[in-house]
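A quick write-up on the structure given underneath.
In the numbering used here, the protein residues as written are 354 to 747.
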């Protein structure tokens, strides 16, 4: 099917509801609770998240996380049509094709996976004999990100039912996440259910003391979660480039360090549960990591916590000698065997990979959950409504 010509760019304003999340497990139809007879033998349109770098172990973990849903459907004799996006292509881009994932998925599910070079063909065009078919990058069609109703209708023609197992993109108002639910019976996948279960534990049923650990660079990405946890968190530990902005606002000399210009930054300094670094490490007049005193203080607080939430590297972990802050935080988390720990964000998981045996830690620590979401996790924890989850509400 040919993609229609791209129209002139327009400004699209989306108003986000920042009210408290109200996703009730009973309000979403999950695969785990369904009568198998209702979907056995049907064609399932499965939305997953393949927006990953196949060369990195921590991102392959995100792919592995959706395999249980695929196997669940395999056992029921369902035909599985998998759709996803990858990157931010401008039209078709071979480098961002999903074709390589067909072989990767085949190895993991123990079955051949067909590949179709379009993301929205007519169903009768899909003549592969395989039980599982992967379709091309959804974002090769500009209508995906526009939440286009006609594109969603075309996608709906590929299945009898729709399953969202892509929590990581559920904060995006895209056609394959939102508009699609207008045309097919819909369900939440096993991974999506698992994500919400753990996020709800961190937001609503957490055990104090709760410690929120935030790194990264831009405060605009973390400002809402700081505000949301102002009363919930016993301590908010600030590191990474985020700390530079706070330290400068407090009057500290950060030299040539990267800072984020925010008008209301001084308001955050009034929060009595925010803890900033007391010693820092410079390189070429730029702050690249927290110092040993801060690492120890952070570790002590983490060791006494019952709930831990971490998003964002604590320093420039990619540069040798400046990964100690991130490593110190991670080691403190895995040493605390009694706390429930929630970790998320692409940069965060990448930093963990560089300072530890990522795969071993994931399987070894049963009380630790690594979310596949970055922005989606932050939005959920900030109390925002995620369009993709709202679309699944009965």
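Backbone N, C-alpha and C fix where the C-beta goes; we use that ideal spot for every residue, glycine too. Since the structure is predicted, the reported quantities are computational estimates derived from the model, not experimental observations.
Query: How long is the line joining the alpha carbons of residue 421 and residue 675, rounded to whole angstroms?; Result: 37 Å
Query: Note down the Cα distance separating residue 653 from residue 685, rounded to an integer number of angstroms.; Result: 8 Å
Query: Go ahead and label residue 548 buried or exposed: buried means 16 or more other beta carbons lie within 10 angstroms of its beta carbon, across all protein chains shown.; Result: buried
Query: Does DSSP put residue 551 in a helix, in a strand, or in coil?; Result: helix
Query: Could you check the C-alpha separation between residue 349 and residue 449 for me, to the nearest Å?; Result: Missing from the structure shown is residue 349; the chain here goes from 354 to 747 and no further.
Query: Check whether the Cβ atoms of residue 473 and residue 741 lie closer than 8 Å to each other.; Result: no
Query: With respect to the alpha helix (DSSP H) encompassing residue 733, which residues constitute its N-terminal and C-terminal limits?; Result: 728 to 734
Query: Can you name the residues that DSSP bridges to residue 397?; Result: 433, 514
Query: Taking the Cβ atom as the reference point for each residue, do residue 679 and residue 667 lie within a distance shorter than 8 Å?; Result: yes
Query: Check the DSSP bridge columns for residue 565 and list the partner residues they point to.; Result: 589, 662
Query: Residue 405: which of 561, 453, 466 sits nearest, CA to CA?; Result: 453
Query: Given this structure, state the Cα-to-Cα distance separating residue 585 from residue 431, to the nearest angstrom.; Result: 44 Å
Query: Could you work out which residue in 607, 425, 552, 696 is closest to residue 637 when comparing CA atoms only?; Result: 607
Query: Please state if the CB of residue 573 and the CB of residue 595 are separated by a distance shorter than 8 Å.; Result: no
Query: Buried or exposed, going by whether 16 or more other CB atoms sit within 10 Å of the CB of residue 746?; Result: exposed
Query: Taking buried to mean at least 16 other C-beta atoms within 10 Å of its own C-beta, is residue 673 buried or exposed?; Result: exposed
Query: Is there contact between the stretch 685 to 704 and the stretch 724 to 739, where contact requires at least three CB pairs shorter than 8 Å?; Result: yes
Query: Under a three-way DSSP split, which group does residue 642 fall into?; Result: strand
Query: With DSSP run on the structure shown, which of helix, strand or coil describes residue 493?; Result: helix
Query: Quick check: what's the CA-CA separation for residue 565 versus residue 582?; Result: 8 Å
Query: Between which two residues does the alpha helix (DSSP H) harbouring residue 675 extend?; Result: Segment: none, residue 675 is in no alpha helix (DSSP H) and carries neither H nor E.
Query: Say the cut is 7 Å; is the CB of residue 395 nearer than that to a heavy atom of the ligand COA?; Result: Within the structure as shown, the ligand COA is missing, as the structure has no ligands at all.
Query: Between which two residues does the alpha helix (DSSP H) carrying residue 670 extend?; Result: Note, residue 670: premise wrong, no alpha helix (DSSP H); not H, not E.
Query: As a quick exercise: from 387, 455, 443, 534, pick the residue whose alpha carbon is nearest that of residue 487.; Result: 455
Query: Just verifying my parser: in three-state terms, what is the DSSP assignment at residue 454?; Result: helix
Query: Rounded to the nearest angstrom, what separates residue 536 and residue 605 at their Cα positions?; Result: 56 Å
Query: So the candidates are 651, 515, 692; which of them puts its Cα closest to the Cα of residue 343?; Result: Because the chain here runs from 354 to 747, residue 343 falls outside it and cannot be looked at.
Query: Could you say if the stretch 539 to 554 and the stretch 432 to 443 meet the contact criterion of at least three C-beta pairs nearer than 8 Å?; Result: no
Query: Within the same chain, show all residues whose beta-carbon is closer than 7 Å to that of residue 401, passing over the 5 residues directly before and after it, in chain order.; Result: 419, 435, 437, 518, 519
Query: Check the DSSP bridge columns for residue 628 and list the partner residues they point to.; Result: 590
Query: Measuring CA to CA, which of 539, 463, 447 is closest to residue 392?; Result: 539
Query: Can you tell which of 669, 577, 397, 592 has its C-alpha closest to the C-alpha of residue 647?; Result: 592
Query: Spatial neighbours of residue 603 within its chain, please: C-beta separation below 8 Å, excluding the five flanking residues on both sides.; Result: 622, 629
Query: In angstroms, rounded to a whole number, what distance separates the CA positions of residue 597 and residue 727?; Result: 22 Å
Query: Alpha carbon to alpha carbon, how far is residue 399 from residue 385? Give it in angstroms, no decimals.; Result: 15 Å
Query: Here's the rule I'm using: 16 or more other beta-carbon atoms within 10 Å means buried, otherwise exposed. How should residue 713 be labelled?; Result: For residue 713, the pLDDT reaches just 47, beneath the cut-off of 50, and the residue's location in the model is therefore unreliable, leaving the point undetermined.
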